[in-house]
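A.B. asks:
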């Protein structure tokens with residue numbers, strides 16, 4: 002009979018890589034240094050960049066939460082696997 006289990010080290014490695022990629026999102030922040038301008042196109046571009054920065058920050062937080070939940074789910078799966086294996090051996 003074959004065995005189906007979660008390969009926890011590989012799973013944790015993939016989650017860790019995703020966490021590293023997510024942390025790189027946090028590094029790129031937009032800081033506007035142009036405060037006074039009469040050019041509407043510049044104002045619109047600055048506003049678009051501020052909105053993009055806000056969306057990236059929100060995405061970062063959502064992804065961080067999802068990755069934490071995924072890690073917890075992996076831990077739960079390992080526990081369920083152990084319980085199922087013990088029940089089948091009885």
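In the working numbering, the protein residues as written are 2 to 91.
Backbone N, C-alpha and C define an ideal beta-carbon position, used for all residues, glycine too.
Between the region 55 to 65 and the region 20 to 27, are three or more C-beta pairs nearer than 8 Å?
C.D. replies: yes
A.B. asks: What is the DSSP secondary structure of residue 78, reduced to helix, strand or coil?
C.D. replies: For the purposes of this step, residue 78 is identified with residue 77 of the chain shown, where counting begins at 1. Reduced to three states, the DSSP call for residue 78 is helix.
A.B. asks: Run through DSSP, which three-state label would residue 62 get?
C.D. replies: Position 61 of the chain shown, counted from the start, is the residue given in the question as residue 62. In this structure, residue 62 counts as helix in the three-state DSSP scheme.
A.B. asks: Considering only the beta carbon of each residue, do residue 16 and residue 71 sit closer than 7 Å?
C.D. replies: Counting from 1 along the chain shown, the entry for residue 16 is found at position 15. Counting from 1 along the chain shown, the entry for residue 71 is found at position 70. Yes, the pair counts as a contact, with Cβ atoms nearer than the cut-off.
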